[in-house]
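J.:
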Amino acid sequence: MRPLDADDPARIGEYRLLGVLGAGGMGRVYLGRNAGGRTVAVKVIRPDLVGDNEFRVRFGREVAAARRVGGKFTAPVLDADVHANPPWLATGYVAGFSLTEAVETYGPFTENSLLVLAHGLAEALLAVHGAGLVHRDLKPSNVLLALDGPKVIDFGIARAIEDSRLTTTGKVIGSPGFMCPEQVTGATFGPAGDVFALGGVLVFAATGQGPFGVGEMVQLLWRVVYEEPHLEGVPERLRPLVAACLTKDPAARPTPERLLAELTDIGLPARGGWLPGPALEEVSRRAVELLDLDSGPFDVPHSLAAPATETARTADTLVRPGTGPNARTVTSAPGTEPRNVTPRSWWQGAPDPGPQAGFPPAYGHGPQDDSGRPHDAHQPAVAAPAPSRRPTRRRTALIAAAVVVCLAVALGAFAITTYVNRTPAEPNATATDAPSEPGAELPGAYVGEWQGVAKDTLGTYDIVLTLQAGVIGDQVGSSSNTGRVAGLTCGRTETLTAVESDKITLTAQLAADSGLCNDEGATSELTVQPDGSLSYRTRGVLGDMVGSLTRTP
Numbered sequence: 001m002r003p004l005d006a007d008d009p010a011r012i013g014e015y016r017l018l019g020v021l022g023a024g025g026m027g028r029v030y031l032g033r034n035a036g037g038r039t040v041a042v043k044v045i046r047p048d049l050v051g052d053n054e055f056r057v058r059f060g061r062e063v064a065a066a067r068r069v070g071g072k073f074t075a076p077v078l079d080a081d082v083h084a085n086p087p088w089l090a091t092g093y094v095a096g097f098s099l100t101e102a103v104e105t106y107g108p109f110t111e112n113s114l115l116v117l118a119h120g121l122a123e124a125l126l127a128v129h130g131a132g133l134v135h136r137d138l139k140p141s142n143v144l145l146a147l148d149g150p151k152v153i154d155f156g157i158a159r160a161i162e163d164s165r166l167t168t169t170g171k172v173i174g175s176p177g178f179m180c181p182e183q184v185t186g187a188t189f190g191p192a193g194d195v196f197a198l199g200g201v202l203v204f205a206a207t208g209q210g211p212f213g214v215g216e217m218v219q220l221l222w223r224v225v226y227e228e229p230h231l232e233g234v235p236e237r238l239r240p241l242v243a244a245c246l247t248k249d250p251a252a253r254p255t256p257e258r259l260l261a262e263l264t265d266i267g268l269p270a271r272g273g274w275l276p277g278p279a280l281e282e283v284s285r286r287a288v289e290l291l292d293l294d295s296g297p298f299d300v301p302h303s304l305a306a307p308a309t310e311t312a313r314t315a316d317t318l319v320r321p322g323t324g325p326n327a328r329t330v331t332s333a334p335g336t337e338p339r340n341v342t343p344r345s346w347w348q349g350a351p352d353p354g355p356q357a358g359f360p361p362a363y364g365h366g367p368q369d370d371s372g373r374p375h376d377a378h379q380p381a382v383a384a385p386a387p388s389r390r391p392t393r394r395r396t397a398l399i400a401a402a403v404v405v406c407l408a409v410a411l412g413a414f415a416i417t418t419y420v421n422r423t424p425a426e427p428n429a430t431a432t433d434a435p436s437e438p439g440a441e442l443p444g445a446y447v448g449e450w451q452g453v454a455k456d457t458l459g460t461y462d463i464v465l466t467l468q469a470g471v472i473g474d475q476v477g478s479s480s481n482t483g484r485v486a487g488l489t490c491g492r493t494e495t496l497t498a499v500e501s502d503k504i505t506l507t508a509q510l511a512a513d514s515g516l517c518n519d520e521g522a523t524s525e526l527t528v529q530p531d532g533s534l535s536y537r538t539r540g541v542l543g544d545m546v547g548s549l550t551r552t553p
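The opening position of the sequence shown corresponds to residue 1 in the UniProt record's numbering, with each subsequent residue numbered one higher.
Below, the structure written as structure tokens:
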């Protein structure tokens, strides 16, 4: 991100602009914030694309449909003014990074990550198509990575511009390596075109290149229409599904509903997490920088700061991830997404991030420019401490939030590695090694339905637990924990593994619909208190999750 220029507006609608995120074929993208503190990405359409009132009618219709799009894997359109000069729209902004940048930086995805990505993209297309829209420009830079899965952005714009009678500037709406044959030839473009692009995005995530390689625009468009895609490097279990998406005949491609059904047949993603440790750290760092951008400089305790070798920056320097003396260079053909990524899996040598329920959510989801470069390609460095002054209440809250994120970044690698390297049978650090008697029964004082609240270093969780009679080795109940900030629920079945004089130990198995959680094999310790409540302890995102449960009437 770069500062505003003299010719940039200070405000658009109700949004105070904080900087320029990028500019591309459709217009310029700003980072903005309203009076209530909500951060958004504001896309201003290029004046030469607007044309007459017919464009505004089309654009208004597309934006109205986009605002009806729901689902957890799409970026909601929050605001728009189709009658402004020029028109603009705003979506929530995520302080994360795009699929393009992730693959450039960390290498191709593993099969587990590809499954999470495929599920999320299929769900996103289901939501977009359900609102009567077609994306028309699904590509890696229009997929943002968040803690709870991928987010698709920039739907509801391309069609209005592509239909404009003034698109005679030579601008191609869409990225050549990810366009479908009917889009290239000018045939009718429908939802099946988005499915073709989805297949291309999965190939890019799996291999570091698009399905038709690299080359000049004309070469890529020819390959899209007449050549078969290159699927080497796509995991075998996913290859038939990806090949079906990339079929030349639109009628032969699977629908998003069919994609989800086939992905379910393949199997839910492995429950080892979604983002790798370094990517999780990068998302956390950008969240801190976003807070700093709004609140001004603040003191971050030295002990929480990352090593200088990792974040060597000055207060007045803007650094783009992937640049600098130690950066890898990734070249791109004109009009294409970045390619030629070193084929190093982004989980090789990187710790798993561990459980992610309860992590603070990214700050919404936002559009980016159409040049193939992520909309947050330039991020502001954390500012140097300012002279001491009396902080406002809002500033104090921002500092507190930033310190929590810094703590996660500084300690995350240790905590994550510790949790992930535990074997499923390993108890929490506070568990004793005293063996239980074979056939020991669950004491009656624990049987029943319980609910309460537990906390770890980063979040607060609502806990629900149901236990029934049984002996060691039996599945004696179920539980769930829901993060109050992220809203992610992790459902578990509980097996009784230890009965001691003062406590019991349960071992969790994740429920089938908890694919983004990492509670598999986690142990819980419960103790009956004098007032009849249960003390509750299990592993959390950062440190143990500790709380109290009371019996449900």
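Built from N, CA and C at the ideal position, the CB exists for glycine as well.
#1: Could you give the residue range of the alpha helix (DSSP H) that holds ARG239?
#2: Since TRP450 sits in a beta bridge, which residues does DSSP pair it with?
#3: Look up MET179 in the DSSP assignment and give the residues it is bridged to.
#4: Quick one, are the C-beta atoms of VAL82 and VAL128 less than 8 Å apart?
#5: What residue range does the alpha helix (DSSP H) around GLU494 cover?
#6: Let's test the definition: count the other Cβ atoms within 10 Å of the Cβ of ASN85 and tell me whether it reaches 16, buried, or not, exposed.
#7: Which whole-angstrom value describes the C-beta separation of ASP122 and PRO256, a residue pair presumed to lie in contact below a C-beta threshold of 8 Å?
#8: Among SER141, GLY491, GLU525 and THR489, which residue has its Cα nearest to the Cα of THR505?
#9: Can you look up THR255 in the DSSP assignment and give me helix, strand or coil?
#10: What does a CB cutoff of less than 6 Å around ALA244 pick up in its chain, not counting 5 residues either side in sequence?
#11: Tell me which same chain residues have a C-beta within less than 8 Å of the C-beta of VAL471, skipping the five on either side of it?
#12: Whole angstroms is fine: what's the gap from GLY233's alpha carbon to LEU78's?
#13: Helix, strand or coil for PRO278, going by three-state DSSP, please let me know.
#14: If you follow the beta strand (DSSP E) that residue 641 is part of, which residue opens it and which one closes it?
#15: Considering TYR93, what are the terminal residues of the alpha helix (DSSP H) in which it resides?
#16: Just the C-alpha distance for ALA498 and ALA511, rounded to the nearest angstrom, thanks.
#17: If I measure Cβ to Cβ from ALA75 and keep anything under 6 Å in the same chain, skipping five residues before and after, which residues do I get?
#18: Among the candidates ARG38, ALA66 and PRO191, whose CA atom is the shortest distance from the CA of LEU18?
#19: If we count the other Cβ atoms within 10 Å of its Cβ and call it buried at 16 or more, is GLN209 buried or exposed?
#20: In the DSSP assignment, find the unbroken beta strand (DSSP E) run with GLN509 in it and report its ends.
#21: Compare the Cα-Cα distances from LEU260 to each of ILE463, LEU465, GLN451 and LEU117 and report the closest residue.
#22: Check this for me: beta carbons of LEU144 and VAL283, under 8 Å apart or not?
#23: In terms of residues, what are the limits of the alpha helix (DSSP H) holding ASP194?
#24: Give a yes or no on whether the C-beta atoms belonging to ALA192 and LEU99 are separated by under 8 Å.
#25: Grab me the residues of ARG484's own chain with a C-beta within less than 6 Å of its C-beta, minus the 5 sequence neighbours each way, in chain order.
#26: Would the beta-carbon of LEU263 fall within 8 Å of that of LEU115?
#27: Would you identify the three-state DSSP class for ARG46, choosing helix, strand or coil?
#28: Could you spell out the range, first to last residue, of the alpha helix (DSSP H) harbouring ALA122?
#29: How many angstroms separate the CA atom of residue 581 from the CA atom of VAL63?
#30: State the beta-bridge partners of ASP79 as determined by DSSP.
#31: Going by other Cβ atoms of all chains shown within 10 Å of its Cβ, with 16 needed for buried, is ASP48 buried or exposed?
#32: Indicate the three-state DSSP secondary structure (helix, strand or coil) for ALA84 in the structure shown.
#33: What does DSSP give as the partner residues of TYR536 in its beta bridges?
#34: State the CB to CB distance for the pair THR466 and GLY477, rounded to an integer number of angstroms; the pair is presumed to be in contact (CB under 8 Å).
#35: Have a look at ASP544 and ALA131 and give me their C-alpha separation to the nearest angstrom.
T.: On the basis of the data shown:
#1: It spans 239–245 - the alpha helix (DSSP H) in which ARG239 sits, taken as one unbroken run.
#2: For TRP450, which the question treats as bridged, DSSP gives the partners LEU465 and ARG551.
#3: Answer is none; MET179 lacks a bridge partner.
#4: No, the Cβ-Cβ distance between VAL82 and VAL128 is not below 8 Å.
#5: Judged by DSSP secondary structure, GLU494 falls outside any alpha helix (DSSP H) and instead within the beta strand (DSSP E) spanning 489–499.
#6: Classification for ASN85: exposed.
#7: This sequence places Ala at residue 122; Asp is not what is there. Contact flag correct, Cβ pair sits at about 5 Å.
#8: Comparing Cα positions, the closest option is GLU525.
#9: Coil at THR255, not helix or strand.
#10: Closer than 6 Å at the Cβ level, and outside the excluded window around ALA244, lie PRO254.
#11: Once the five neighbours on either side are set aside, the close Cβ partners of VAL471 are GLY439, ALA440, GLU441, LEU442 and LEU496.
#12: Going by the C-alpha atoms only, they are around 38 Å apart.
#13: Reduced to three states, the DSSP call for PRO278 is helix.
#14: Outside the modelled stretch of the chain, which goes from 1 to 553, sits residue 641, for which no answer is possible.
#15: Bounds of any alpha helix (DSSP H) do not take in TYR93, whose DSSP letter is neither H nor E.
#16: C-alpha separation (whole angstroms): 21 Å.
#17: Excluding residues within five positions, the ones whose Cβ falls inside 6 Å are THR91, LYS151, ILE153 and HIS365.
#18: Per the Cα distances, ARG38.
#19: With a threshold of 16 other beta carbon atoms within 10 Å, GLN209 meets it and is buried.
#20: Note, GLN509: beta strand (DSSP E), 504–510.
#21: Its Cα nearest to that of LEU260, the residue LEU117 stands out among ILE463, LEU465, GLN451 and LEU117.
#22: Taking 8 Å as the Cβ cut-off, LEU144 and VAL283 do not qualify as a contacting pair.
#23: DSSP places ASP194 in the uninterrupted alpha helix (DSSP H) bounded by 191–207.
#24: Taking 8 Å as the Cβ cut-off, ALA192 and LEU99 do not qualify as a contacting pair.
#25: Result list for ARG484: THR460, in chain order.
#26: With a cutoff of 8 Å on beta-carbon distance, LEU263 and LEU115 are scored as near each other.
#27: Three-state DSSP puts ARG46 in coil, outside helix and strand.
#28: DSSP places ALA122 in the uninterrupted alpha helix (DSSP H) bounded by 111–130.
#29: No statement about residue 581 is possible, as the shown extent of the chain runs from 1 to 553 and does not include it.
#30: Bridge partners of ASP79: ALA90.
#31: Residue environment: ASP48 is assigned as exposed (fewer than 16 neighbouring CB atoms within 10 Å of its CB, all protein chains considered).
#32: If DSSP states are grouped into helix, strand and coil, ALA84 belongs with coil.
#33: Beta-bridge pairing by DSSP links TYR536 to LEU526 and GLY547.
#34: Contact flag correct, Cβ pair sits at about 5 Å.
#35: The alpha-carbon atoms of ASP544 and ALA131 are separated by roughly 42 Å.
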